[in-house]
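What follows is one structure encoded as structure tokens, with my remarks underneath.
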Amino acid sequence: MKIDKFRAKYSDADQLKKYAEDLVKIYKSEKQKRKELKAANVELHKAYLETIYRLAIAAEYRDEDTGDHIIRIGRYSALIAKKLRISDIKPEDILYAAPMHDIGKIGIPDNILLKPGKLTDEEFDIVKSHTTIGAKILSNSNAKKIMLAEQIALSHHEKWNGQGYPNGLSGEDIPLAARIVAVVDVFDALTSKRPYKKSFPVEVALNIMKKERGQHFDPDVLDIFLANIDRILKIMGSVKKDDFFAFKLSLE
Ligand SMILES: [Fe+2]
Ligand SMILES: [Fe+2]
1 MKIDKFRAKY
11 SDADQLKKYA
21 EDLVKIYKSE
31 KQKRKELKAA
41 NVELHKAYLE
51 TIYRLAIAAE
61 YRDEDTGDHI
71 IRIGRYSALI
81 AKKLRISDIK
91 PEDILYAAPM
101 HDIGKIGIPD
111 NILLKPGKLT
121 DEEFDIVKSH
131 TTIGAKILSN
141 SNAKKIMLAE
151 QIALSHHEKW
161 NGQGYPNGLS
171 GEDIPLAARI
181 VAVVDVFDAL
191 TSKRPYKKSF
201 PVEVALNIMK
211 KERGQHFDPD
221 VLDIFLANID
231 RILKIMGSVK
241 KDDFFAFKLS
251 LE
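Heads up: the sequence shown begins at 1 in UniProt numbering, then just goes up one per residue.
Here is the structure:
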């Protein structure tokens, strides 16, 4: 009898030990699986963001020799969004959305997009359609960054005074993200060299822009931009041609 009890106890303990070992094994393999899943998600997120950027490069490829314009636009916009202290636009979202502002250029024929001389009214109307084409390409997404990019693509040429295109919106009817991109896009265009023009010195560019306060530009957005011009110039100096392919994107 005593021996039977001992055997039972012994086999219970043995069994328990086995269970415990099995549990450790299961735990370890679950932990490993979770680690792999997390790495796969990070990889997928990276690929998603990279795809967004490469799509933006495709749109800029014909008339921009480098991709650094769109990197600067993303980083300038993220800085302004942060400084405006608004809750509805996350700096990280606009960092990725703003570079797609001109994605609709993909639908503009070469003979118009690359025309060296002055455009006729009809040709200019076609150029203007890059806003609606861009919005269409980006439409019906559930992803925040793409939804923001759609707003920006459609409205980045609207003006505070209602004289812009495509819809002649004015004031706060223009989505804020588009008002931000309007400011930084003009600044970057003025301070960049293009095949048809030299770059303006920063001082000259800022004077041109100040005259557009409350005309082309949302006064509050322009004020924040001007108040942070030192940081803007720091970004300007730090974005190099190679950054684009290295995806060295960061928030200020
Ligand atoms: Fe544009
Ligand atoms: Fe642009």
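Built from N, CA and C at the ideal position, the CB exists for glycine as well.
- Not one heavy atom of ligand 2 is found less than 7 Å from the C-beta of Asp-110.
- His-156 has its CB nearer than 7 Å to a heavy atom of ligand 1.
- Between Ile-89 and Ala-177, the beta carbon gap of about 6 Å places them in contact (Cβ cut-off 8 Å).
- The region 100 to 112 makes no contact with the region 194 to 202: fewer than 3 CB pairs, one atom from each, lie closer than 8 Å.
- In the DSSP assignment, Arg-231 falls within the unbroken alpha helix (DSSP H) covering 229 to 238.
- In terms of Cβ geometry, Ala-59 and Ile-126 do not form a close pair [threshold 8 Å].
- Here the C-alpha atom of Ser-87 lies approximately 22 Å from the C-alpha atom of Met-100.
- By alpha-carbon distance to Arg-75, the top candidate from Asp-188, Ile-208, Arg-62, Ile-26 is Asp-188.
- In the structure shown, Arg-75 adopts helical secondary structure according to DSSP, grouped into three states.
- Note that the C-beta distance between Ala-81 and Ile-180 is below 8 Å.
- With a minimum length of 4 residues, the unbroken runs of alpha helix (DSSP H) contained wholly in the region 98 to 122 fall at 110 to 113.
- Annotation for Asp-121 indicates a beta carbon at 7 Å or more from all heavy atoms of ligand 1.
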